[in-house]
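In this note's numbering, the protein residues as written are 331 to 720. Yeah, the Cβ is synthetic: ideal placement off N, Cα and C, and Gly gets one too. The structure presented is a predicted model; accordingly, all values stated were derived computationally and were not measured. A short worksheet on the structure shown next.
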């Protein structure tokens, strides 16, 4: 059995890992348009291992997040990789947000996640500088890891097991059972499309996923300078109508604090900074799509865009983050941005909230591997590969 995995982000690496686990003799080729693994979302994400209480029980996210968290903790321990087991507090700013606290607590219980509803005093015992209204949530199993360290360890293990990597290979077409790339053609019995920011484009080459397009959102974090204002993850109550969790304090694997991220609409898929990654056709396509969403105000896009654009200013991010603390006076400095590969249904003009997997004979497309895809990666890969057993 010969398999090709398109994309070497965490989902592509995990699927290659699952394929190797199931068949030690299988031919597995990972093709990647960049020069190394995890160069986009999988290397630029926050590194947070989520516990799994944000997601409704009927979602794939809920199904895989708790088990993914456990599998990552085991992987980190077995390979002696870096981890910060700092835990997470979700805090309310007013009485209205208590409803969100209760909803998240109920979801956590339904998802069999270790989650505690605590009072203000208990929250301050865990984090003296935190500010909450009456209640908070405590998630002891939310940790931080180094995404790049994990990516490289997986690559190392896969190469030792005989998995082949080809870099500088951008997919440009498909014919018969062969994938055409900028660095040659490759045939396979089965192809797994895990192309992240370009998964929809690759799917379209195969005639799949036509009802979807990718809408890029830029996530910017800012590192706190000086003494840490907090030592745990501190999150607000999110708007559960959209897939973003709001500006929060994240602890890095090195024990540093950062604030963010933004969810600013980007104008092309690799719009990290300035004109980096500029593509005229992408700019035109994304801009027209965002203009349409702005006019229609689909899923509240107009207010979302206006709220997020102001967060280009450091003071706006610092203000939102500071609302969760009794005292926050740190200066901050910008960190490298990431792009969220958010899927949009072009017919309904709605953001897709859950993972999406589409299958064709000999091809599987992973189309919406958004947060918490990193946490879910190992059990999600098992699910994706198992779909092809049926």
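Need the endpoints of the beta strand (DSSP E) that residue i sits in, please.
{"i": "residue 546", "result": "542-549"}
{"i": "residue 465", "result": "465-469"}
{"i": "residue 691", "result": "Taken as a continuous stretch (DSSP letters only), residue 691 belongs to no beta strand (DSSP E), as it is neither H nor E."}
{"i": "residue 523", "result": "520-523"}
{"i": "residue 359", "result": "357-361"}
{"i": "residue 684", "result": "Where residue 684 is concerned, there is no enclosing beta strand (DSSP E), given that its DSSP letter is neither H nor E."}
{"i": "residue 650", "result": "Counting along the chain, residue 650 falls outside any beta strand (DSSP E), though it belongs to the alpha helix (DSSP H) covering 644-652."}
For residue i, is the classification buried or exposed, using 16 other Cβ atoms within 10 angstroms of its Cβ as the cut-off for buried?
{"i": "residue 351", "result": "exposed"}
{"i": "residue 604", "result": "exposed"}
{"i": "residue 362", "result": "buried"}
{"i": "residue 306", "result": "Residue 306 cannot be examined here, being either before or after the span of the chain that is shown, 331 to 720."}
{"i": "residue 656", "result": "exposed"}
{"i": "residue 608", "result": "exposed"}
{"i": "residue 512", "result": "exposed"}
{"i": "residue 642", "result": "exposed"}
{"i": "residue 659", "result": "exposed"}
{"i": "residue 354", "result": "exposed"}
{"i": "residue 661", "result": "exposed"}
{"i": "residue 391", "result": "buried"}
{"i": "residue 410", "result": "exposed"}
{"i": "residue 700", "result": "buried"}
{"i": "residue 663", "result": "exposed"}
{"i": "residue 702", "result": "buried"}
{"i": "residue 697", "result": "buried"}
{"i": "residue 611", "result": "exposed"}
{"i": "residue 408", "result": "exposed"}
{"i": "residue 581", "result": "buried"}
{"i": "residue 614", "result": "exposed"}
{"i": "residue 453", "result": "buried"}
{"i": "residue 339", "result": "buried"}
{"i": "residue 571", "result": "exposed"}
{"i": "residue 621", "result": "exposed"}
{"i": "residue 426", "result": "exposed"}
Please report the Cβ distance between residue i and residue j, rounded to the nearest whole angstrom; I am assuming they are in contact, meaning their Cβ atoms lie under 8 Å.
{"i": "residue 695", "j": "residue 518", "result": "Between residue 518 and residue 695 the Cβ distance is about 14 Å, and since that is not below 8 Å, they are no contact."}
{"i": "residue 469", "j": "residue 445", "result": "6 Å"}
{"i": "residue 560", "j": "residue 459", "result": "6 Å"}
{"i": "residue 566", "j": "residue 672", "result": "At roughly 20 Å, the Cβ-Cβ gap does not stay under 8 Å, so residue 566 and residue 672 are not in contact."}
{"i": "residue 372", "j": "residue 704", "result": "7 Å"}
{"i": "residue 501", "j": "residue 532", "result": "5 Å"}
{"i": "residue 387", "j": "residue 441", "result": "6 Å"}
{"i": "residue 481", "j": "residue 368", "result": "4 Å"}
{"i": "residue 707", "j": "residue 488", "result": "So it is not a contact: roughly 13 Å between Cβ atoms."}
In its own chain, which residues sit with a C-beta less than 7 Å from the C-beta of residue i, not counting the 5 before and 5 after it?
{"i": "residue 548", "result": "592, 594, 596, 601, 667 and 669"}
{"i": "residue 543", "result": "530, 619, 674 and 676"}
{"i": "residue 583", "result": "377, 412, 413, 414, 474, 475 and 476"}
{"i": "residue 623", "result": "631 and 679"}
{"i": "residue 508", "result": "515, 516 and 517"}
{"i": "residue 635", "result": "595 and 624"}
{"i": "residue 521", "result": "334, 336, 509, 692 and 693"}
{"i": "residue 665", "result": "551, 552, 553 and 588"}
{"i": "residue 653", "result": "423"}
{"i": "residue 380", "result": "395, 399, 472, 702 and 705"}
Would you kindly report the start and end of the unbroken alpha helix (DSSP H) that includes residue i?
{"i": "residue 723", "result": "In the structure as shown, the chain starts at 331 and stops at 720, and residue 723 therefore has no counterpart that could be examined."}
{"i": "residue 332", "result": "Per DSSP, residue 332 belongs to no alpha helix (DSSP H); it is in the beta strand (DSSP E), 332-336."}
{"i": "residue 342", "result": "340-352"}
{"i": "residue 505", "result": "Unbroken run through residue 505 is the beta strand (DSSP E), 501-505; no alpha helix (DSSP H)."}
{"i": "residue 578", "result": "Unbroken run through residue 578 is the beta strand (DSSP E), 578-581; no alpha helix (DSSP H)."}
{"i": "residue 629", "result": "Segment: none, residue 629 is in no alpha helix (DSSP H) and carries neither H nor E."}
{"i": "residue 703", "result": "703-717"}
{"i": "residue 406", "result": "390-408"}
{"i": "residue 697", "result": "Note, residue 697: premise wrong, no alpha helix (DSSP H); not H, not E."}
{"i": "residue 535", "result": "529-535"}
{"i": "residue 455", "result": "450-456"}
Starting from residue i, follow its DSSP beta bridges and name the residues at the other end.
{"i": "residue 552", "result": "589 and 664"}
{"i": "residue 565", "result": "420"}
{"i": "residue 594", "result": "548"}
{"i": "residue 751", "result": "With the chain represented from 331 up to 720, any question about residue 751 goes unanswered, as that position is not in the structure."}
{"i": "residue 515", "result": "510"}
{"i": "residue 495", "result": "360"}
{"i": "residue 670", "result": "547"}
{"i": "residue 441", "result": "Answer by DSSP bridge pairing: none, since residue 441 is not bridged."}
{"i": "residue 675", "result": "542 and 680"}
{"i": "residue 460", "result": "655"}
{"i": "residue 447", "result": "467"}
Tell me which same chain residues have a C-beta within less than 6 Å of the C-beta of residue i, skipping the five on either side of it?
{"i": "residue 576", "result": "566 and 568"}
{"i": "residue 710", "result": "394"}
{"i": "residue 721", "result": "Not covered by the structure: residue 721. The range shown for the chain is 331 to 720."}
{"i": "residue 437", "result": "383"}
{"i": "residue 389", "result": "684"}
Within its chain, find whatever has a CB closer than 8 Å to the CB of residue i; leave out the 5 residues flanking it on each side and keep chain order.
{"i": "residue 356", "result": "331, 332, 333, 349 and 350"}
{"i": "residue 626", "result": "679"}
Compute every distance between the C-beta of residue i and the non-hydrogen atoms of the ligand NAP, then say whether any falls below 7 Å.
{"i": "residue 487", "result": "Among the ligands in the structure shown, none appear at all, so the ligand NAP cannot be discussed."}
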